[in-house]
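In terms of full-length UniProt numbering, the sequence shown has 260 at position 260, counting the first letter as 1, and numbering is strictly consecutive. The beta carbon of each residue, even a glycine, is placed where N, CA and C say it ideally should be. See below for the structure under consideration.
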Amino acid sequence: MIQSSSPLQNLPEKLSSYLKLGPLDPRSIHGLSLKLGCLCSTFLCNNLLHAYTSISSLADARNLLDEIPHPNVVSFSALIEGYAWIGNLKDAVKLFNNMQCRNEDEFGGGIGLLPNNFTLGSIIKGCARVRDFLVGVQVHCRVIKSGVESDAFVGNLLIDMYAKCGMVDCSWKVFDLSLGKDVVAWTTMITCLANSRQCWCQDAAFQLFRNMVCSGVQPVVMTFASLVKIFDEPKRFKQAKQTHGFIVKLGIEVDDLLGSALIAMYGRCGGIEEVIRLSARLKHDVVSLTSLLVSYIHNGFDVEAIDIFRKMVSEKMMIDPFVIASLIKACSDLQELRLGKEIHGYAMRNSFMSDASVSNAMLSLYGRCGGIREAERVFELVVEKDIISWTALLTSYCQNGYGEEAVFLFRHMLRVPLNPPIFSVTGAISACSTIPTLSLGQQIHSRTVKLGINEDISVENSLITMYAKCGSIEDATRVFDSMKRRDTISWNALINGFSQHGFEKEALEVFDQMHKKGFKPDDLTFVGILVSCGRVGLVAEGCEFFNLMSKAYGLLPKMEHYACMVDLFGRAGRLEDAMEFIAAMPCEPDQLVWEALVASCKVHGNIELAKLAAMKILQIKPEEPSPYLTLSSIHASEGIWDGKAHFRDMMNERVPKKPGQSWTEFQVLHEDTLDILQAE
């Protein structure tokens, strides 16, 4: 005779089913279960544990676990996974150990619960989340001891855990020892290699992908979404195209995730045409538009990037801090201060300024656009100033000629204390070049020795430039001679140092040594060489060097080089040759070229040519005072007093006056800067 089951026997299953129906607070089911006396059901309690951990209510889950009369491995695993998910590895490991030591009877006998692959997997996830390599190794040993090392689920998690701990070699060993590699294993290993910053990992990821295909394992969307990360520079464009072609050949649907990843890939590789074609076929959501915006910025299409940003704002899309920081950088590159201020306002309204990348980008923008006071205000409002914030403000000071402020800020960095990176130190050294004060430069040089970075090539290059600009070419030469490794910048610094101090012969000798050592000169090298040739009257040699730029080194002359050549001809009194040279220029001469001609005309008394050159400067830069003074002096020398007064009046109208500073005020400030790096 078959007996019908009691309704109460199915109550735990029914209560469990309610937990899966939708957004229901597990506390209500917990309370009802307690009232109905159903907590003796381990099945129901396990479902309640999962419900609590899914809403991160771990305190309630822990209390429930203590109430379960007979918890099993699923009970412990559920809470362990909850702890691991929020990164609470300490409590996860503690519970993991308690589970194995748990006694089953009240007399102290029995054995603990053995972890299964899900339990071990949860602990491994926790290690990956908090990047705890040491605990991860211990769990790996427990995996081997439990005999589940061949389990694909556990093996894939171990690969991921080691990679996130920065131990890609260990990930590779686990992958290599895996017996039945499925698509998840291959994809996990490719993802680990693609996310690694080690230089060898990119090629290894691509080779592993090829091995995967040769092994007969068909890649999936996630495989390609990870693989395309390795194509991050123009020289990998061909591989990127091949990978995209393979996706098409396999018939894999390019969804929004993969499509956005492909846009970002082509953006990094310089394939802007492919970016535009792909974006036209994708649904324009926040992910795809973000990838498109960043691709535009990466390839110099800053105006198009700003248009995308405006579209995202108008459609009320969620914009992340990375996009805001990228846009601010675009405004910085375009010198678009007004637009940068608009984005600054947007960032403030949407609470993005608390993000370090955004505030640091704003500092750089204001510094590059000359808004030094705005940069200071942004810096003051940054709550948690990191080393990049300090360095961004220091760089802003240097870019705008605030040398003393830069040095004072560097002192403050040392006393916070902050361990300044090398580019902060080189910025402080450059600031000494703008003051210029030799004693300050020597103090910072001593500080580089104390920090152990005095032999860094960028520091040594900055020291050469600083000593030369501060008037000590001997110290500049000593630093250069002591360098264990040199680059083109090192040679340029010494060549220009000699040239600035009137040692033209030595500058040319250094250039000859540079050539013999196999270093390739750049634009700045030839500026120093042409200046040196002009000062010692080596016109023929200067012309030869100018021609060598394009013929021997493939360098297109810039306006500075044209100005140097005009000065070269002018110093030698060959003003007609200078005018012929200007007329033959492939581009319109700028202020520098005409100023070089004006200076030579003054020396050689060619008033008419000086007039012509000064008028050209007026047309190019009407706010520049020097042409007004030149024309005023020329008219005075010719006795044309009305003309002199006319140009003086024009200067007063057009040239903005800068506030003055007394010598006493400057001297006090200057003396305060002495010994500023000494300990208080």
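Alpha carbon to alpha carbon, how far is residue i from residue j?
i: PRO627; j: GLU336; result: 29 Å
i: VAL329; j: VAL323; result: In the sequence under discussion, the amino acid at residue 329 is Lys, which differs from the Val named in the question. So the alpha carbons of these two residues sit roughly 10 Å apart.
i: VAL168; j: CYS192; result: 7 Å
i: SER260; j: ASP307; result: 18 Å
i: ARG349; j: ARG310; result: 15 Å
i: CYS101; j: GLY112; result: 5 Å
i: ARG486; j: HIS501; result: 22 Å
i: PHE301; j: PHE352; result: 24 Å
i: CYS141; j: LEU114; result: 15 Å
i: ASN63; j: ASN116; result: 23 Å
i: LYS125; j: ILE159; result: 11 Å
i: residue 683; j: CYS170; result: The structure shown has nothing for residue 683, since the chain only spans 1 to 680.
i: ALA84; j: LEU58; result: 11 Å
i: residue 712; j: SER178; result: It is not possible to answer for residue 712, since the shown part of the chain is limited to 1 through 680.
i: CYS38; j: PHE118; result: 26 Å
i: PHE379; j: ILE388; result: 11 Å
i: GLU560; j: ALA280; result: 44 Å
i: GLY371; j: ASN400; result: 9 Å
i: GLN138; j: PHE153; result: 18 Å
i: SER550; j: HIS284; result: 46 Å
i: PHE546; j: LYS558; result: 11 Å
i: ALA51; j: SER28; result: 11 Å
i: ASN454; j: GLY528; result: 26 Å
i: PHE206; j: LEU227; result: 7 Å
i: ASP176; j: GLU233; result: 29 Å
i: ASP34; j: GLY180; result: In the sequence as presented, Asp is not what sits at residue 34; that position holds Leu. Near 46 Å, if we compare the C-alpha coordinates of GLY180 and LEU34.
i: ILE319; j: LEU575; result: 59 Å
i: ARG268; j: SER295; result: 7 Å
Which residues mark the beginning and the end of the alpha helix (DSSP H) in which residue i is found?
i: GLY147; result: No alpha helix (DSSP H) contains GLY147, which DSSP labels as neither H nor E.
i: VAL449; result: 438-451
i: SER198; result: Residue 198 is actually Gln in this sequence, not Ser. First-last for GLN198: undefined, no H or E at that position.
i: HIS604; result: 591-604
i: SER424; result: 422-434
i: PHE569; result: 559-571
i: ASP302; result: 302-314
i: ALA584; result: That residue, ALA584, is in no alpha helix (DSSP H); it is neither H nor E in DSSP.
i: ASN117; result: 117-130
i: MET615; result: 607-620
i: LEU556; result: Where LEU556 is concerned, there is no enclosing alpha helix (DSSP H), given that its DSSP letter is neither H nor E.
i: HIS30; result: 26-36
i: residue 683; result: Because the chain in this structure spans residues 1 to 680, residue 683 falls outside the shown range and cannot be described.
i: PHE237; result: 237-250
i: VAL174; result: 168-177
i: ASP160; result: 152-164
i: CYS398; result: 387-399
Helix, strand or coil: how does DSSP classify residue i here?
i: ASN97; result: helix
i: ASN461; result: helix
i: SER56; result: coil
i: GLU81; result: helix
i: ARG142; result: helix
i: residue 768; result: Residue 768 is absent from the structure shown; the chain starts at 1 and stops at 680.
i: ASN419; result: coil
i: GLU519; result: Per the sequence shown, residue 519 should be read as Phe rather than Glu. Residue state, collapsed to three classes: coil.
i: GLU404; result: helix
i: CYS543; result: helix
i: VAL221; result: helix
i: GLU13; result: helix
i: PHE231; result: coil
i: MET318; result: coil
i: GLU624; result: coil
i: HIS412; result: helix
i: ARG574; result: coil
i: GLU504; result: helix
Is the closest heavy atom of the ligand NAD to the C-beta of residue i under 7 Å?
i: ILE319; result: Of ligands this structure carries none, so the ligand NAD is not represented either.
| What residue ranges within the region 323-379 form continuous alpha helix (DSSP H) runs of no fewer than 4 residues, ordered along the chain? | 337-349, 356-368
| Quick one: any contact between the region 363-377 and the region 410-422, if contact means 3 or more CB pairs under 8 Å? | no
| Cβ pair count under 8 Å reaching 3, the region 78-89 against the region 116-130 | yes
| field | Inter-stretch contact at 8 Å, needing at least 3 Cβ pairs: the region 511-521 / the region 477-484 | value | no
| request: Only counting runs of 4 or more residues, tell me where the alpha helix (DSSP H) segments fall wholly within the region 265-292, in order along the chain. | output: 272-281
| query | Can we say the region 186-200 touches the region 142-150, given the rule of at least three CB pairs closer than 8 Å? | reply | no
| query | Pairing CB atoms from the region 529-539 with CB atoms from the region 488-507, are three or more of them under 8 Å? | reply | Counting Cβ pairs under 8 Å, three or more are found: they touch.
| Segment contact flag, the region 357-368 with the region 391-399, C-beta cutoff 8 Å, min 3 pairs | With a cut-off of 8 Å, the region 391-399 and the region 357-368 count as touching, because enough Cβ pairs lie within range.
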